[in-house]
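The structure appears below as structure tokens.
Residue numbers (this note's numbering): 3 to 157.
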């Protein structure tokens, strides 16, 4: 599976400069960062969460984990939990499990980005599969996605 077609079309339509980075199959953000020789703080880990009855895509750097309490507060939910593998497959049918890109707007859901990622000039994220990633300017991502920014990533 190559880069998700709808993502490529979307980036091209808006004239976004991006670089596709190929790597050997890896399944975690830290492993991908290491394979691509990029710092973990640039590597975006994307997670689908259930916030009450809403699906929300959250993104944080590869070095961190989600503080669910902080995320719950940030999104104004009573309950926040990680989505199941089945739910991920349903919401991202064109992606390999766990390799969804941080463009929730292409899948009809909001995106919440950990504040630490906003300090990076460039970000790297999986391109819908476990052997390709995309490098692009954070400013371009922000302009296209308009994510909510919150502090919820912890080491």
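Beta carbons: idealized from backbone N, C-alpha and C, even for Gly.
- Message: Suppose you measure from the CA of residue 1 to the CA of residue 75; what does that come to, to the nearest Å?
- Response: Absent from the model: residue 1. The displayed extent of the chain is 3 to 157, so no value can be given.
- Item | Residues that residue 67 bridges to, as DSSP identifies them | According to DSSP, which records beta bridges pairwise, residue 67 is partnered with 156.
- Determine the closest residue to residue 92 out of 22, 131, 57 and 15, with distance taken between C-alpha atoms. 57
- residue 113 by DSSP, collapsed to three states: which one? strand
- residue 141 lies in the alpha helix (DSSP H); which residues open and close that run? 140 to 147
- Item | Cut-off 8 angstroms between Cβ atoms - residues of its own chain near residue 103, not counting five sequence neighbours on either side | Around residue 103: 6, 9, 48, 97, 127, 128, 129, 130 and 136.
- Message: Within 10 Å of its beta-carbon, does residue 132 have 16 or more other beta-carbons around it, so buried, or fewer, so exposed?
- Response: buried
- CB of residue 65 within 7 angstroms of CB of residue 156, strictly: No, these two residues do not count as a Cβ contact at 7 angstroms.
- Considering residue 123, what are the terminal residues of the beta strand (DSSP E) in which it resides? No beta strand (DSSP E) contains residue 123, which DSSP labels as neither H nor E.
- Query: Under 7 angstroms, do residue 68 and residue 154 count as touching if we go by C-beta distance?
  - Reply: yes
- Leaving out the 5 sequence neighbours to the left and right, which residues in its chain are closer than 7 angstroms to residue 40 when beta-carbon positions are compared? 126
- What's the gap between the Cα of residue 33 and the Cα of residue 101? In a straight line, the C-alpha of residue 33 is about 13 angstroms away from that of residue 101.
- Item | Of the listed residues 73, 38, 108 and 150, nearest to residue 52 (C-alpha basis) | 73
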